[in-house]
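Residues in the sequence shown are numbered from 0 upward in steps of one, following numbering that gives the first Met the number 0.
Below is one structure, written out as structure tokens; the observations come after it.
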Amino acid sequence: MKHYNNISTLKFAICSLLLAICTSAYAQQHKTIKEDTAPVDSIDLMMARIDSLVTADSIINMTANKDERSILQVDSTKRIKAKRDWSTWKPDPQRALWLALVLPGAGQIYNRKYWKLPIVYGGFMGCIYAMTWNNMMYKDYSQAYLDIMDDDPNTNSYNKFLHLGMQINSSNEERYKQIFKSRKDKYRRWRDMSFFVMVGVYALSVIDAYVDAELSVFDISKDLSLKVKPTVIPNHNGGNPLTAQSLGVNCSLNF
0 MKHYNNISTL KFAICSLLLA ICTSAYAQQH KTIKEDTAPV DSIDLMMARI
50 DSLVTADSII NMTANKDERS ILQVDSTKRI KAKRDWSTWK PDPQRALWLA
100 LVLPGAGQIY NRKYWKLPIV YGGFMGCIYA MTWNNMMYKD YSQAYLDIMD
150 DDPNTNSYNK FLHLGMQINS SNEERYKQIF KSRKDKYRRW RDMSFFVMVG
200 VYALSVIDAY VDAELSVFDI SKDLSLKVKP TVIPNHNGGN PLTAQSLGVN
250 CSLNF
């Protein structure tokens, strides 16, 4: 009986010890979980706050960029819609010069002197017409001169230049040879002259465009007047004091 009581006491002690160990282990585990969980929750909360701040900054930056783009678009629209004040516009002489060199009449268009275009293009058209006409006549008289100089009776293109009823024979052949030769040379000279005149018209159009652009910034006074008044002119050549001065007329032009 006594042995049985000892065994029961030992079992109770062992059970109490196991219960105490389990309780202590559970408490330590619960404390560890709390310690491990708290920092994680703090980090998550901090990261959430940072994300919210970054998102807010991004939204603010996007709004600011959008406002800046809107302002730039409005400014560019205003600049596009703004009309140039042609009353204060002045042409650039260098640009007018290069435009006139590249295309005849472009310098006058750039300077807004449209009334000069008929003069420029009329001069070119007249020179081209004269050059074409003289070249055609030169070729015709050259062929007639070659035909009259050879001995082939089948080559008689010179007959179209003769008057009605006129014929070339031995009595007047030399005279017609001189006529055809002189006219051939004359039309060739006129053709070459027409070309040089056209070059001159081109040069004048370039000079006019440049000078006109230069004079657009030239300050001209509103007082355009010619004043004539008597004056005394000193004369230092004569030794006589009575003739040291002479009367004259002074002309002054204001512009």
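Ideal Cβ positions, reconstructed from N, Cα and C, are used throughout, including at glycine.
Source: prediction; values computed, not measured.
> Taking the alpha-carbon positions, what's the R190 to L100 distance?
Replying inline: For the purposes of this step, residue 190 is taken as residue 191 along the sequence shown, with counting starting at 1. For the purposes of this step, residue 100 is taken as residue 101 along the sequence shown, with counting starting at 1. Between the C-alpha atoms of R190 and L100 there is a straight-line separation of about 24 Å.
>> Buried or exposed, going by whether 16 or more other CB atoms sit within 10 Å of the CB of D96?
In response: Within the sequence shown, residue 96 is the residue found at index 97, counting from 1. Just to set this straight, residue 96 is Leu in the shown sequence, not Asp. With 16 or more Cβ atoms within 10 Å of its Cβ, L96 is classed as buried.
> Are there 16 or more other CB atoms within 10 angstroms of the CB of S204, so buried, or fewer, so exposed?
Replying inline: Walking along the sequence shown from the start, residue 204 turns up at place 205. Using a 10 angstroms sphere on the CB of S204, the tally of other CB atoms reaches 16 or more, which defines it as buried.
> How is V196 classed by DSSP in three states: helix, strand or coil?
Replying inline: Mapped onto the sequence shown, residue 196 falls at position 197. In the structure shown, V196 sits in a helix (DSSP, three-state: H, G or I).
>> Could you tell me the alpha carbon to alpha carbon distance between D150 and K185, rounded to whole angstroms?
In response: Here residue 150 corresponds to residue number 151 of the sequence shown, with the count starting at 1. Here residue 185 corresponds to residue number 186 of the sequence shown, with the count starting at 1. It is roughly 25 Å from the alpha-carbon of D150 to the alpha-carbon of K185.
> Relative to the C-alpha of Y175, which residue among G164, F160, R187 and V227 is closest?
Replying inline: Translated into the one-based positions of the sequence shown, residue 175 becomes position 176. The residue with the shortest Cα to Cα distance from Y175 is F160.
> Could you give the distance in angstroms between the alpha-carbon of D211 and the alpha-carbon of Y128?
Replying inline: Counted from its first residue, the sequence shown places residue 211 at position 212. Counted from its first residue, the sequence shown places residue 128 at position 129. Those two C-alpha atoms are separated by around 28 Å.
> Among N110, G104 and V216, which one has its Cα closest to the Cα of L116?
Replying inline: One-based indexing of the sequence shown puts residue 116 at position 117. Check the Cα spacing between L116 and each of N110, G104 and V216: the tightest is with G104.
> Which one of N158, S141, I13 and A202 has the shortest CA to CA distance from Y120?
Replying inline: As a first step, residue 120 is located in the sequence shown; it is residue number 121 there, counting from the start. The option with the nearest alpha carbon to Y120 is A202.
>> Please list the terminal residues of the continuous beta strand (DSSP E) segment that includes K89.
In response: Stepping through the sequence shown from its first residue, residue 89 is reached at position 90. Run containing K89: none; DSSP gives neither H nor E here.
> From Y140 to R188, what does the alpha carbon distance come to, in whole angstroms?
Replying inline: Sequence index remark: in the sequence shown, residue 140 carries index 141 (1-based). Sequence index remark: in the sequence shown, residue 188 carries index 189 (1-based). Rounded to whole angstroms, Y140 to R188 spans 13 Å at the Cα level.
> Nearest to V227 by CA position, among V248, A208, T131 and N234, is which residue?
Replying inline: Within the sequence shown, numbered from 1, the residue matching residue 227 stands at position 228. Of all alpha-carbon atoms in V248, A208, T131 and N234, the one lying nearest the alpha-carbon of V227 is that of V248.
> In or out: C250 buried (at least 16 other Cβ within 10 Å) or exposed?
Replying inline: The residue given as residue 250 occupies position 251 in the sequence shown. C250 is classed as exposed because its beta carbon has fewer than 16 other beta carbons within 10 Å across all chains shown.
>> So, at 8 Å on beta carbons, what are the nonlocal neighbours of L246 in its own chain, with the 5 sequence-adjacent residues on each side left out?
In response: Within the sequence shown, the letter at position 247 stands for residue 246. So the qualifying residues of the chain are P229, T230, V231 and I232.
> Roughly how many angstroms separate the alpha carbons of M135 and N171, rounded to a whole number?
Replying inline: Position 136 of the sequence shown, counted from the start, is the residue given in the question as residue 135. Position 172 of the sequence shown, counted from the start, is the residue given in the question as residue 171. Taking the Cα positions, M135 is about 26 Å away from N171.
> Between M130 and S193, is the Cβ-Cβ spacing less than 8 Å?
Replying inline: Residue 130 sits at position 131 when you count from the first residue of the sequence shown. Residue 193 sits at position 194 when you count from the first residue of the sequence shown. Contact annotation: M130 and S193 have beta-carbon atoms nearer than 8 Å.
> So what does DSSP say about G247, is it helix, strand or coil?
Replying inline: Taking the first residue of the sequence shown as position 1, residue 247 is located at position 248. Strand at G247.
> In its own chain, which residues sit with a C-beta less than 7 Å from the C-beta of R182, not counting the 5 before and 5 after it?
Replying inline: Along the sequence shown, read from residue 1 onward, the residue named residue 182 stands at position 183. Excluding the 5 residues flanking it on each side, R182 has same chain C-beta neighbours closer than 7 Å at Y140, in chain order.
> Using CA coordinates, which residue listed in V200, Q142 and N158 is at the minimum distance from L102?
Replying inline: Locating residue 102 in the sequence shown gives position 103, where the first residue counts as 1. When C-alpha distances from L102 are compared across V200, Q142 and N158, the shortest belongs to V200.
> Near A37, what residues of its chain come up, given a Cβ to Cβ distance below 7 Å and the 5 sequence neighbours on each side ignored?
Replying inline: In the sequence shown, counting from the first residue as 1, residue 37 sits at position 38. Summary for A37: the model assigns pLDDT 41, below 50, so the residue's position carries little reliability; its value from the coordinates is reported in the next sentence. If we look at A37 and ignore the five residues flanking it on each side, it has no Cβ neighbours.
>> Going by C-alpha to C-alpha distance, which of A208, N234, V216 and L225 sits closest to R111?
In response: In the sequence shown, the residue the question calls residue 111 occupies position 112. Put simply, of A208, N234, V216 and L225 the residue whose alpha carbon is nearest the alpha carbon of R111 is A208.
>> Rounded to whole angstroms, what is the Cα-Cα separation between L163 and Q177?
In response: Here the question's residue 163 lines up with position 164 in the sequence shown. Here the question's residue 177 lines up with position 178 in the sequence shown. Their Cα atoms are separated by approximately 20 Å.
> Using a Cβ-Cβ cut-off of 8 Å (strictly less than) and excluding sequence neighbours within five positions of I32, which residues of its own chain qualify?
Replying inline: Position 33 of the sequence shown, counting from 1, holds the residue named residue 32. Bear in mind that the predicted position of I32 carries a pLDDT of just 44, short of 50, making it too unreliable to give a figure here.
> Within 10 angstroms of its Cβ, does L252 collect 16 or more other Cβ (buried), or is it exposed?
Replying inline: To locate residue 252, count along the sequence shown from 1; it is residue 253. Exposed is the call here.
> In angstroms, rounded to a whole number, what distance separates the CA positions of Q142 and E173?
Replying inline: Counting from one through the sequence shown, the residue named residue 142 turns up at place 143. Counting from one through the sequence shown, the residue named residue 173 turns up at place 174. Rounded to the nearest angstrom, the two C-alpha atoms are 16 Å apart.
> For A37, does the three-state DSSP call read helix, strand or coil?
Replying inline: The count along the sequence shown starts at 1 and reaches residue 37 at position 38. Note on A37: pLDDT 41, under 50, position unreliable in the model; no value is reported.
> If you check the beta carbons only, do F179 and Y144 fall under 8 Å apart?
Replying inline: As a position in the sequence shown, residue 179 is number 180, starting the count at 1. As a position in the sequence shown, residue 144 is number 145, starting the count at 1. The answer is yes: Cβ separation under 8 Å.
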